[in-house]
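First comes the structure, then the notes that go with it.
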Amino acid sequence: MLGEGIIKGMVETARNFVGSYSDPERLVTVEFPEEKVPAKENARNFPFLLFDGDDAAKGLRCVACQICEKECPPQCIYIVKSKDKKPDYVGKPQFYPAVFDIDVSVCMSCQICVEVCPFEAIKMDTEFELSNSDRFGGLLLDKGRLAKSNEYYHKIHSTEATEVDARLAAEKAKIEAKAKADAEAKAAAAAAPKPTLKPPGPDSAK
Amino acid sequence: MIIGDFFKGLFLMIWRVATDQPNPKTDLLAVFPDWAQPVISAVLTVSPILVVFATLFALTTLLERKGLGRIQNRLGPNRVGPFGILQPVADGLKMLTKEDIVPRSADALVHFLAPVVLAVPTMLAFAVIPYGHNLVPVDMDAGILFFFAVGASTELAIFMAGWSSRNKYSLLGAMRAIAQMISYEIPLIISSVSVIMIAGSLSPVGIVEQQGRYMLGGLVPHWFVLTPWGLAGFLIFLIASLAESNRSPFDIPEAESELIAGHLTEYSGFKYALFFMAEYFGMFAVSGLAVTLFLGGWHAPFEFLEIVPSYIWFFAKLMALVCLFIWVRGTVPRLRVDQLLNFAWKFMLPLSLLNLVVAGVWRFTAVWDFPGAVLGRWILCAVLIGVPYVLLGRTLSGSKKVTQRIYRFAE
Chain A
0 MLGEGIIKGM VETARNFVGS YSDPERLVTV EFPEEKVPAK ENARNFPFLL FDGDDAAKGL
60 RCVACQICEK ECPPQCIYIV KSKDKKPDYV GKPQFYPAVF DIDVSVCMSC QICVEVCPFE
120 AIKMDTEFEL SNSDRFGGLL LDKGRLAKSN EYYHKIHSTE ATEVDARLAA EKAKIEAKAK
180 ADAEAKAAAA AAPKPTLKPP GPDSAK
Chain B
0 MIIGDFFKGL FLMIWRVATD QPNPKTDLLA VFPDWAQPVI SAVLTVSPIL VVFATLFALT
60 TLLERKGLGR IQNRLGPNRV GPFGILQPVA DGLKMLTKED IVPRSADALV HFLAPVVLAV
120 PTMLAFAVIP YGHNLVPVDM DAGILFFFAV GASTELAIFM AGWSSRNKYS LLGAMRAIAQ
180 MISYEIPLII SSVSVIMIAG SLSPVGIVEQ QGRYMLGGLV PHWFVLTPWG LAGFLIFLIA
240 SLAESNRSPF DIPEAESELI AGHLTEYSGF KYALFFMAEY FGMFAVSGLA VTLFLGGWHA
300 PFEFLEIVPS YIWFFAKLMA LVCLFIWVRG TVPRLRVDQL LNFAWKFMLP LSLLNLVVAG
360 VWRFTAVWDF PGAVLGRWIL CAVLIGVPYV LLGRTLSGSK KVTQRIYRFA E
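Quick mapping for you: the protein sequence lines, in order, are chains A and B.
End of the first sequence = 205 in numbering that gives the first Met the number 0, gap-free, step of one.
End of the second sequence = 410 in numbering that gives the first Met the number 0, gap-free, step of one.
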């Protein structure tokens, strides 16, 4: 009969109306500034720079290779390479970025910088409360604002961070093992009677 | 001395209005010289109407947003003031401070006049509605006729707005509005004609007085809605008034998903607010008329509740109807234009004409005097209106069979 569907619909909306007062589970609204839901593990918006340890200046993983700068489709990354070098996580001297800026008003969150980085130095962040009264300077994030600790990375993307840490540790162990083997070989060579005119092997060149 | 009389008169006026006594204004008017009395009297009548309905408008916008929110399991506005009750104030301030944009190619004069021309008749319609026992702004003999006359002139304003904006969406919206309002004006008027036939009066006051009796020991009021023709007429009136006030599911003139905002597209700032206000005022006016015609006006539902001031009953019924409108808006999706017009001409119009006949049958079977006459009369009228309802509804909804769609060439 005509009108039956309307009655059914009205009953349904009435049930919603009453239910929303009696059963708070129905209300899906999260009242944002007061309550926040934690970001999903796979959430990502803008890149940040990772550093190890406590000191951002000392532990920054970026070696200013500028691959991300060149690959960035909207060209929002600006890097100035340092003149001097500082030791990286395995102790090897590397360049570091004297200036590293990302203009997040230009960034399109494509994550290509993260994918091309060979040093696991740039990752995607979940921080979204970036509103600013200064749309130029306020959205141009410098090295200081971009640098975030490895602990923070673990907090926002724990699975990914664990995997990255394992890979880096394995790499470091490999290098250390190699260094140890080299040292042992060297010691053995020193202990042995001095050979005459032994050509320098590939090990000692390192 | 004069100041003392003035305040005494003012106090007496408020006291008499609050307690339902006749002639509340006389003492206050006596303070003023004879030549000023008609003007002062008119101001005293008009200003409460404007204040009350403007407040009601603010309340209803909040109620609507809150109610629709809850219907959709949302919270609704809750930021401005406790529970968001100051939201209308914030909305009003926003509307007042917004820039008033007039399109360069618009007809500036008509564009400016349209909201004014719309607001005036919607407010005029309030003049003839009896709000309480002694609260009738203008007691006209042909009040119902006046109401429909000014109500019909809103169509002109809407078309003025659509035409002068020089915007295709505005014009489309305005043309839809004309088609819709003219189509639904007819069932609206015919369904109230049945009340006029039974009451034998075009005066809203007279119609309300006829509904002031009670049956079965004061428990059943003699409202017209409690008769077969009255119930059918009330439902037809309600549906037609939804369409008249451009409310969902008949909001196709400003269908925001198709026409941006229809005739409101090129309006901003306070002109937009005027349109918005006129729409709500129109809804209040037409609900007020529905209360007057079918729901017993300012009469209490039970005889022992007549001690409660009459205007409270009127506004309680009015708000109940407004809540029903909000409820319907939260439930029913928008109709298509062809569905809308089919519904008006193929369903509402025949049914409302038939309702006239049923009202006549009801009127002439009143003289029946045999055992079971009341029941027989009820059944006869209910069948007379119920059977055509089912049959017409079947032709309207059952004409198309929904079948599995076959894609002959895409296989």
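Note that CB positions come from ideal geometry on N, CA and C, so glycine has one too.
| Reference Ile157 (chain B), options B:Phe125, B:Phe111 and B:Val127, closest by Cα | In the second sequence, counting from the first residue as 1, residue 157 (chain B) sits at position 158. If we check each option's Cα against that of Ile157 (chain B), B:Phe111 comes out closest.
| request: Please say whether Ala38 (chain A) and Asp161 (chain A) have beta carbons closer to each other than 9 Å? | output: Taking the first residue of the first sequence as position 1, residue 161 (chain A) is located at position 162. Taking the first residue of the first sequence as position 1, residue 38 (chain A) is located at position 39. The amino acid at residue 161 (chain A) is misidentified as Asp; the sequence shows Thr. Cβ distance not < 9 Å, so Thr161 (chain A) and Ala38 (chain A) don't count as in contact.
| query | Can you find a CB in chain B that lies within less than 9 Å of the CB of Leu145 (chain A)? | reply | For the purposes of this step, residue 145 (chain A) is taken as residue 146 along the first sequence, with counting starting at 1. No, its Cβ sits nowhere closer than 9 Å to a Cβ of chain B.
| query | Would you report the Cα separation of Ile1 (chain B) and Ala17 (chain B), rounded to the nearest angstrom? | reply | Locating residue 1 (chain B) in the second sequence gives position 2, where the first residue counts as 1. Locating residue 17 (chain B) in the second sequence gives position 18, where the first residue counts as 1. In a straight line, the C-alpha of Ile1 (chain B) is about 24 Å away from that of Ala17 (chain B).
| query | Helix, strand or coil: how does DSSP classify Lys212 (chain A) here? | reply | This structure does not reach residue 212 (chain A), given that chain A is present from 0 up to 205, and the question cannot be answered.
| message | Is there a C-beta anywhere in chain B that falls below 9 Å from the one on Val27 (chain A)? | response | As a first step, residue 27 (chain A) is located in the first sequence; it is residue number 28 there, counting from the start. Taking Cβ atoms only, chain B reaches closer than 9 Å to Val27 (chain A), which makes this a yes.
| What residues in the segment 8 to 34 of chain A bring their beta carbon closer than 8 Å to a beta carbon of chain B? | Gly8, Met9, Glu11, Thr12, Ala13, Asn15, Phe16, Gly18, Ser19, Tyr20, Arg25, Leu26, Val27, Thr28 and Glu30
| Which chain A residues are close to Ile70 (chain B), counting only those with a beta carbon under 7 Å from its beta carbon? | Within the second sequence, the letter at position 71 stands for residue 70 (chain B). Simply Thr12, Asn15 and Phe16.
| task | Go to Ser182 (chain B), then tell me how far its alpha helix (DSSP H) extends in each direction, as first and last residue. | result | Working through the second sequence from its first residue, we reach residue 182 (chain B) at position 183. Here the alpha helix (DSSP H) through Ser182 (chain B) covers Lys167 to Ala198.
| request: Identify whether Gln86 (chain B) lies in helix, strand or coil by the three-state DSSP scheme. | output: One-based indexing of the second sequence puts residue 86 (chain B) at position 87. Gln86 (chain B) falls in the helix class under three-state DSSP.
| Which residues in the same chain have their Cβ closer than 6 Å to the Cβ of Gly8 (chain B), if we skip the five residues on either side of it in sequence? | Taking the first residue of the second sequence as 1, we reach residue 8 (chain B) at position 9. Cβ within range, chain order: Asp26, Leu27 and Val30.
| Interface residues of chain B around Met0 (chain A) at Cβ under 9 Å? | Position 1 of the first sequence, counted from the start, is the residue given in the question as residue 0 (chain A). Per Cβ cutoff of 9 Å: Tyr388, Val389, Gly392, Arg393 and Ser396.
| said: Please list, in chain order, the chain A residues whose beta carbon lies closer than 9 Å to that of Arg73 (chain B). | reply: On the second sequence, position 74 is the one that residue 73 (chain B) refers to. Here the neighbours are Ser19, Leu26, Val27 and Thr28.
| task | Output the distance between the C-alpha atoms of Gly3 (chain B) and Met12 (chain B), rounded to the nearest integer angstrom. | result | On the second sequence, position 4 is the one that residue 3 (chain B) refers to. On the second sequence, position 13 is the one that residue 12 (chain B) refers to. Taking the straight line from one Cα to the other gives about 14 Å.
| query | Name the chain A residues whose beta carbon is nearer than 8 Å to that of Gly83 (chain B)? | reply | Taking the second sequence and counting its residues from 1, the one referred to as residue 83 (chain B) is at position 84. By Cβ distance, chain A contributes nothing, its closest Cβ being about 12 Å from Gly83 (chain B), past 8 Å.
| message | For Ile5 (chain A), would you say it is in contact with chain B, using Cβ-to-Cβ distances shorter than 9 Å as the test? | response | Looking up residue 5 (chain A) in the first sequence gives position 6. It does; some Cβ of chain B falls within 9 Å.
| message | Tell me the DSSP secondary structure of Leu74 (chain B) in three-state form. | response | The count along the second sequence starts at 1 and reaches residue 74 (chain B) at position 75. Reduced to three states, the DSSP call for Leu74 (chain B) is coil.
| Using the C-alpha atoms, what's the distance from Met318 (chain B) back to Trp377 (chain B)? | Taking the first residue of the second sequence as 1, we reach residue 377 (chain B) at position 378. Taking the first residue of the second sequence as 1, we reach residue 318 (chain B) at position 319. Their backbone Cα atoms lie some 30 Å apart in a straight line.
| Is there contact between the segment 271 to 286 of chain B and the segment 121 to 128 of chain B, where contact requires at least three CB pairs shorter than 8 Å? | yes
| field | First through last residue of the alpha helix (DSSP H) which encompasses Ser148 (chain A) | value | Position 149 of the first sequence holds residue 148 (chain A). Taken as a continuous stretch (DSSP letters only), Ser148 (chain A) belongs to no alpha helix (DSSP H), being part of the beta strand (DSSP E) at Ala146 to Ser148.
| query | Taking only beta-carbon atoms, is Val36 (chain A) less than 9 Å away from chain B? | reply | Indexing the first sequence from 1 puts residue 36 (chain A) at position 37. Val36 (chain A) does not count as touching chain B.
| task | Look at the Cβ atom of Pro96 (chain A), then the Cβ atom of Leu59 (chain A), and state whether they are nearer than 9 Å. | result | As a working note, residue 96 (chain A) is residue 97 in the first sequence. As a working note, residue 59 (chain A) is residue 60 in the first sequence. Against a cut-off of 9 Å, the Cβ pair of Leu59 (chain A) and Pro96 (chain A) comes out as a contact.
| Closest to Ala178 (chain A) by CA distance: which of A:Pro46, A:Arg14, A:Val89 and A:Lys85 is it? | The residue you call residue 178 (chain A) lines up with position 179 of the first sequence. Nearest of A:Pro46, A:Arg14, A:Val89 and A:Lys85 to Ala178 (chain A), Cα basis: A:Val89.
| said: When you compare the segment 353 to 370 of chain B with the segment 96 to 103 of chain B, are there three or more beta-carbon pairs, one atom per stretch, that lie closer than 8 Å? | reply: no
| field | Identity of the residues DSSP links to Tyr77 (chain A) by a beta bridge | value | Your numbering for residue 77 (chain A) matches position 78 in the first sequence. Beta-bridge pairing links Tyr77 (chain A) to A:Asp100.
| said: Using only CA atoms, which one of B:Gln210, B:Ala41 and B:Ala242 lies nearest to Phe342 (chain B)? | reply: As a working mapping, residue 342 (chain B) is identified with position 343 in the second sequence. Of the candidates B:Gln210, B:Ala41 and B:Ala242, the one whose C-alpha sits nearest the C-alpha of Phe342 (chain B) is B:Ala242.
| said: Less than 9 Å between CB atoms is the rule here; does Thr493 (chain B) satisfy it with respect to chain A? | reply: Residue 493 (chain B) is absent from the structure shown; chain B starts at 0 and stops at 410.
| field | Per-residue burial, Met107 (chain A) [other beta carbons within 10 Å of its own, 16 or more giving buried] | value | To locate residue 107 (chain A), count along the first sequence from 1; it is residue 108. The residue in question, Met107 (chain A), is exposed, as its Cβ has fewer than 16 Cβ neighbours within 10 Å.
| Nearest candidate by alpha-carbon position, reference Pro23 (chain B), set B:Ile39, B:Phe52 and B:Asn133 | As a position in the second sequence, residue 23 (chain B) is number 24, starting the count at 1. Per the Cα distances, B:Asn133.
| query | Counting Cβ pairs, one atom from each stretch, are 3 or more of them under 8 Å apart for the segment 69 to 81 of chain A and the segment 10 to 19 of chain A? | reply | no
| said: Give me, in chain order, the residues of the same chain whose beta-carbon lies closer than 6 Å to that of Ile111 (chain A); leave out the 5 immediate sequence neighbours on both sides. | reply: As a first step, residue 111 (chain A) must be located in the first sequence, where it is residue number 112. Same-chain partners within the cutoff: Glu70.
| In or out: Lys205 (chain A) buried (at least 16 other Cβ within 10 Å) or exposed? | In the first sequence, counting from the first residue as 1, residue 205 (chain A) sits at position 206. Residue placement at Lys205 (chain A) cannot be trusted, given a pLDDT of 46 that sits under 50; what the coordinates show is reported in the next sentence. With fewer than 16 Cβ atoms within 10 Å of its Cβ, Lys205 (chain A) is classed as exposed.
| task | Could you tell me which chain A residues have their CB closer than 8 Å to the CB of Gly232 (chain B), listed as they occur along the chain? | result | Stepping through the second sequence from its first residue, residue 232 (chain B) is reached at position 233. None at all; the shortest Cβ gap to chain A is about 16 Å.
| Residues of the segment 300 to 326 of chain B with Cβ closer than 7 Å to any Cβ of chain A, in chain order | Trp326
| task | Can you have a look at Met0 (chain A) and say buried or exposed, based on whether 16 or more other CB atoms are within 10 angstroms of its CB? | result | On the first sequence, position 1 is the one that residue 0 (chain A) refers to. Label assigned to Met0 (chain A): exposed.
| request: Kindly identify the DSSP beta-bridge partner or partners of Val219 (chain B). | output: Start at 1 with the first residue of the second sequence, and residue 219 (chain B) comes out as number 220. Paired residue(s): B:Met214.
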